[in-house]
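As structure tokens, the structure follows; a few thoughts come after it.
Number of protein chains: 2
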Amino acid sequence: MSDITSRPAPLSGLRILELGHFIAAPFCTRVLADLGAEVIKVEPPGRGDPVRAWGQTPEGQSTSVWWSVHGRNKKSVSINLKDPAGIDLVRRLVGEVDAVVENFKPGQLAKWGLGPDDIAAANSDAVLVQISGFGQTGPGRDRAAFGLIGEAVGGIRHLTGYPPAVTDLPPVRTGISIGDSIAGLYGAIGLLAAIFEKRVARAGEDLPNRRVDVALTDSVLSLMEGCLPEYGYFGSVRQPHGSSLPTTAPSNAYPSRDRKWFLIGANSDSLFARLCRAMDRVALTDDPRFIDNQARVRNAEALDQEISAWTFTKTIDELEAAMKEVDVPSSRIYTVADIAADPQFRARGMIQDVADPRLGKVLHPGAVPDMGGDAGATVRWTGPEVGAHTDEILEGLLGMTATDIDRLRGAGTI
Amino acid sequence: MSDITSRPAPLSGLRILELGHFIAAPFCTRVLADLGAEVIKVEPPGRGDPVRAWGQTPEGQSTSVWWSVHGRNKKSVSINLKDPAGIDLVRRLVGEVDAVVENFKPGQLAKWGLGPDDIAAANSDAVLVQISGFGQTGPGRDRAAFGLIGEAVGGIRHLTGYPPAVTDLPPVRTGISIGDSIAGLYGAIGLLAAIFEKRVARAGEDLPNRRVDVALTDSVLSLMEGCLPEYGYFGSVRQPHGSSLPTTAPSNAYPSRDRKWFLIGANSDSLFARLCRAMDRVALTDDPRFIDNQARVRNAEALDQEISAWTFTKTIDELEAAMKEVDVPSSRIYTVADIAADPQFRARGMIQDVADPRLGKVLHPGAVPDMGGDAGATVRWTGPEVGAHTDEILEGLLGMTATDIDRLRGAGTI
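Chains as they are written, first to last, in numbering that gives the first Met the number 0: chain A, 0 to 413; chain B, 0 to 413.
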């Protein structure tokens, strides 16, 4: 039996062509590349994926530091998709892969001669994953796929805010591209499910290739817990609840003396009793307003005031120590500085100083999930320059000669 | 070549044992069950998974309407894990499945005799997926895994709020269990990656079984875009930005005359010009304050005031019509009532009236991703009663007789 620590990553041997840009498709393939898949990313010659210009960028460079993470573990091949010779190259690459992942506007690739039928003609075995804002079908498929719109339509934005009685500020954006990321994860799941069908469950059968149609809106909606059945059954429309939970208390963010926010989740009788002990207010557990969860939810405002009055006398460090002593779930609200310093993240390899040939050391989040350290998901290399692997792929995969490649480069195709 | 519309779901033939409760593991297996995997969920006899009691519940029932969705497409087997005879049953079930998914507190299953070594002894081929708040390793692994804590530690909570200059309210909770769901999706990816390795890439090799260790905190951190490299490289700590985007403008929520919020993302020169046309304010495009994205970001507050002054004169319906005419990405912020009425969701089968034997008709979100309608991810049945499939599984899978089963039931083991 081989040693788990020396075996290849789990997705070694899976080859994926990415026709993606911005976030959703590239995030999908980053997750798969972290797990060992060979991802060939097609980018426009020159500037490459527009997302390379997003975020903070070192003086004199055109590519952000985020790219070091977002493009990691992938091979970049530069091909001009507006050139028929480039389309021909992509079709030949499709012939050599297990799956294609794309997130152009629905219909865009078909206009270029790379639609689902073209992909199937080039490789009847290739799984096609298409990620878009609203999906490949339906009357709304052509709407522009901005993440903030998809998140709002999927239902997450409405719930991410305070009730109108608390403030007249609009609900906030979850400060990251949450909808794109969730769609990317669903894309990875659909891709692997289709591969399972083709290579395991129905191996040897002549099945038409699967299309995986991931909509950002659908992906967000799938996470909405009981909202839809509760609306259908009771007619109730779930409303935002600020920083607390609607059905249990206390569970909220409380201010510290040094003006930070401290989360406490003491929402069971036993946790609440321990919190009261730490606050030196054990009498609160016998207070009829707080006697059980139902009572605490009814009197959550009064309860939160009691807790805030106490937290406001302590620094965030004192609060953490106090809650640790009574073992009540709690935490400061981590900034990225807290994340980078966190011993648990460090111990799990989730904070890595990675050598980047362009930038020197770059701080990367580790690869997820942990599947056995170096034998699982890992950071193998950082986001490459545009076209860094063009020659390697065209020679190795398509058998082209240096002369062929020079000619394509001269013509601006690659 | 077989017709795609009549073929089995992609994960047909994959059998998974769920030792889960609450959200993360059950969500992971729901996604896999939607895709056709046979999921056998072990629940305590009697009350079952505690999450059955969460959310709105019809009069006289003990199980919420959410359960109809959360438990769908799974088989429920009731087994008492505090009874050694129950543990023995679970071990025998482990012998019959491709993967086990669990989300007990790290170490809890091992105490019961169902730790990783026990699982491996029962079935050296079974993939083990372990989902927890902070992971199976490291100094923090025993911290209580409350979603709100994990989300804060992963970094999402800090960014989901307004800057302190705008309000003294704390950042809000993304109103759903976003951290658990993301961890569940990573669990599904890890499971399928391990199956790919075992059954495709290294089929026939005698590999020790994979453990997939998914931490809620790691999962959230993996979505944090450029936060970590930007902190490492520039020392900059990403801060919350309310309902707008920090790097591009205009992109925000604007008030309508009928007191709703309307999202507009007009953050390119061409989109901005079209917005100005709809506002009948074309001169704004020549205003030096708004001449390009950089200028608009610098003067975002003034720009948002101009736009708000206009949106406030229109109803939400009028705003939607106006933006549709000039094709600018925009949307009202959907409540679940908007979601249920949305023609695109309806057209894509994302709003389904599903017959539930307990409740009658229940509104379900469709299964994600779309992999060919009824041949892909589907709702096959609704969340079952506790133990509804106990006899079927013990007879069919373990070959037990009715007498064996009666005895176990009499002893309270099942």
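The beta-carbon is built from N, C-alpha and C at its ideal position, and this holds for glycine as well.
- Between B:SER131 and B:PRO105, the C-beta spacing is below 8 angstroms.
- Under a 10 Å Cβ-count criterion, B:LYS323 is classified as exposed, with fewer than 16 other Cβ atoms of the shown protein chains found around its own Cβ.
- Counting of Cβ neighbours within 10 angstroms places A:SER123 among the exposed residues, the total staying below 16.
- Cβ-Cβ distances below 7 angstroms link B:HIS69 to PRO25, ARG29, VAL50 and GLY382 in the same chain, with the five nearest sequence neighbours on each side left out; the list follows chain order.
- Looking only at A:HIS363, A:ILE15, A:VAL378 and A:GLY12, the smallest Cα-Cα distance to B:LEU220 is reached by A:HIS363.
- As for any alpha helix (DSSP H) of minimum length 4 sitting wholly inside the region 292–355 of chain A, the runs are 292–297, 299–310, 315–325, 335–340 and 342–346, ordered along the chain.
- The region 224–244 of chain B and the region 181–198 of chain A do not touch, with fewer than three beta-carbon pairs separated by less than 8 angstroms.
- For A:LYS197, there is no enclosing beta strand (DSSP E), as DSSP gives it neither H nor E.
- Contacts with chain A (Cβ-Cβ distance below 8 angstroms) from the region 181–194 of chain B involve ILE181, LEU184, TYR185, GLY186, ALA187, ILE188, GLY189, LEU191, ALA192, ALA193 and ILE194, listed in chain order.
- Residue pairing from DSSP places B:SER77 in a beta bridge opposite B:GLU42.
- About 6 angstroms separates the CB atoms of A:ALA125 and A:ALA98; that is less than 8 angstroms, so the two are in contact.
- When DSSP states are grouped into helix, strand and coil, B:SER131 belongs to the strand group.
- By the Cβ-count criterion, B:GLN304 is exposed, with fewer than 16 other Cβ atoms from all chains shown falling within 10 Å of its own Cβ.
- Under a 10 Å Cβ-count criterion, B:SER269 is classified as exposed, with fewer than 16 other Cβ atoms of the shown protein chains found around its own Cβ.
- By the Cβ criterion, the region 29–46 of chain A is in contact with the region 374–389 of chain A, since at least three pairs of Cβ atoms, one from each stretch, lie closer than 8 angstroms.
- Pairwise C-beta distances place the region 72–81 of chain A in contact with the region 40–48 of chain A, as three or more of them are shorter than 8 angstroms.
- In the structure shown, the three-state DSSP call for B:ASP116 is helix.
- When secondary structure is reduced to three states using DSSP, A:TYR230 falls in the helix class.
- For the pair of segments examined, the region 277–296 of chain A was found to touch the region 305–324 of chain A: the number of CB pairs separated by less than 8 angstroms reaches three.
- Residue pairing by DSSP places A:SER243 in no beta bridge whatsoever.
- A:ARG273 and B:TRP309 have their C-alpha atoms roughly 53 angstroms apart.
- For A:ALA366, the three-state secondary structure derived from DSSP is coil.
- Listed by position along chain A, the residues whose Cβ is nearer than 7 angstroms to that of B:CYS226 are VAL335.
- Three or more Cβ pairs drawn from the region 235–255 of chain A and the region 152–170 of chain A lie within less than 8 angstroms of each other, which places the two stretches in contact.
- Per the DSSP secondary-structure output, A:ASP285 pairs with nothing in a beta bridge.
- B:SER250: member of the beta strand (DSSP E) spanning 250–254, first to last residue.
- Closest by C-alpha distance to B:ASP167, out of A:LYS81, A:THR136, A:PRO249 and A:SER255, is A:SER255.
- Close CB contacts of A:GLY375 within its chain, under the 7 angstroms cut and outside five residues either way in sequence, are with ALA8, PRO9 and ASP369 (chain order).
- Non-local beta-carbon contacts of A:ASP179 in its own chain, meaning distances under 7 angstroms to residues more than five positions away in sequence, involve ILE22, ALA23, PHE26, GLY146 and LEU215 in chain order.
- A:VAL100 places its beta carbon less than 8 angstroms from that of A:ILE15.
- Following the DSSP letters along the chain, one finds A:ASP217 inside the alpha helix (DSSP H) bounded by residues 215–220.
- A straight-line Cα-Cα distance of about 12 angstroms links A:SER330 and B:GLY139.
- Cα atoms of B:THR334 and B:GLY94: separation of roughly 45 angstroms, rounded to the nearest angstrom.
- Residues are counted here when their Cβ sits less than 8 angstroms from a Cβ of chain A; for the region 151–173 of chain B these are ALA151, VAL152, GLY153, GLY154, ILE155, ARG156, HIS157, LEU158, THR159, GLY160, TYR161, VAL165, THR166, LEU168, PRO169, PRO170, VAL171, ARG172 and THR173, given in chain order.
- For the 8 angstroms CB-CB criterion, A:THR247 and B:GLY174 do not form a contact.
- Close to chain A, meaning a Cβ-Cβ distance shorter than 9 angstroms, is no residue of the region 281–303 of chain B at all.
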